[in-house]
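Q: Mind the numbering: the sequence shown is residues 1 to 124 in full-length UniProt numbering, read in order.
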Amino acid sequence: MLQSIDLSYRIGCSFSCNVIHDLQDYCMFYVVGNLEWLDKNKTRFLIMWRRPDEWGKVLYQWVSKNGTTNSVFTLYELINGDDTVGEEFHGLDEAMLLRSLEALQMEHKAEIITLNDSKGVKFF
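#1: For Trp-49, which of helix, strand or coil comes out of DSSP?
#2: Does DSSP put Leu-38 in a helix, a strand or coil?
#3: So Thr-84 packs on Leu-78, CB below 8 Å; how close in whole Å?
#4: Using the Cα positions of Arg-50 and Leu-101, report the straight-line distance between them to the nearest angstrom.
#5: Mind checking which residues open and close the alpha helix (DSSP H) that includes Ser-71?
#6: Taking the beta carbon of Lys-109 as the centre, do at least 16 other beta carbons fall within 10 Å, making it buried, or is it exposed?
#7: Are Glu-111 and Lys-122 touching if we call contact CB-CB under 9 Å?
#8: For residue 127, which three-state DSSP category applies?
#9: Is it buried or exposed, Leu-115, if we count other Cβ atoms within 10 angstroms and call 16 or more buried?
#10: Would the beta-carbon of Leu-92 fall within 9 Å of that of Trp-62?
Here it is as structure tokens:
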């Protein structure tokens, strides 16, 4: 369970630095592996509810449960489609979805397909 972090800092440069360091410490201690730095200077980061490989497992469980292995889906269908309403991954950020599918592709459970400017995926 997440707990609040004391954010009673003065607004300004010290606010940003202190908040980032507190969040980093919190995430390193409580949610190991769910914080990812976005730049070399460690000034921007992403805190993930689930790592890409974990989202991949959720997606693959849904595919298996629905008997849709060997089927092709567009990314739009997976995150915005009527068939996925109510699923945990419905509305997932497309960049995170792609990273999740890349994790599944490494496990030979999916193949990302690019057609013109759109992407899709085939599950195995």
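Cβ coordinates follow ideal geometry from the N, Cα and C atoms, glycine included.
None of the values given here were measured: they were computed from a predicted structure.
A: Well, looking at it:
#1: Locating residue 49 in the sequence shown gives position 49, where the first residue counts as 1. Residue state, collapsed to three classes: coil.
#2: Locating residue 38 in the sequence shown gives position 38, where the first residue counts as 1. If DSSP states are grouped into helix, strand and coil, Leu-38 belongs with coil.
#3: If you number the sequence shown from 1, residue 84 lands on position 84. If you number the sequence shown from 1, residue 78 lands on position 78. Yes, Thr-84 and Leu-78 are in contact; Cβ-Cβ is about 6 Å, under 8 Å.
#4: On the sequence shown, position 50 is the one that residue 50 refers to. On the sequence shown, position 101 is the one that residue 101 refers to. Going by the C-alpha atoms only, they are around 14 Å apart.
#5: Residue mapping note: residue 71 aligns to position 71 of the sequence shown, counting from 1. From DSSP, Ser-71 is part of no alpha helix (DSSP H); its letter is neither H nor E.
#6: As a position in the sequence shown, residue 109 is number 109, starting the count at 1. Counting Cβ neighbours within 10 Å, Lys-109 comes out buried, since at least 16 surround it.
#7: For the purposes of this step, residue 111 is taken as residue 111 along the sequence shown, with counting starting at 1. For the purposes of this step, residue 122 is taken as residue 122 along the sequence shown, with counting starting at 1. Cβ distance < 9 Å, so Glu-111 and Lys-122 count as in contact.
#8: There is no way to answer for residue 127, as the model of the chain reaches only from 1 to 124.
#9: Here residue 115 refers to the residue found at position 115 of the sequence shown. The residue in question, Leu-115, is exposed, as its Cβ has fewer than 16 Cβ neighbours within 10 Å.
#10: For the purposes of this step, residue 92 is taken as the residue at position 92 of the sequence shown. For the purposes of this step, residue 62 is taken as the residue at position 62 of the sequence shown. Contact flag unset, no.
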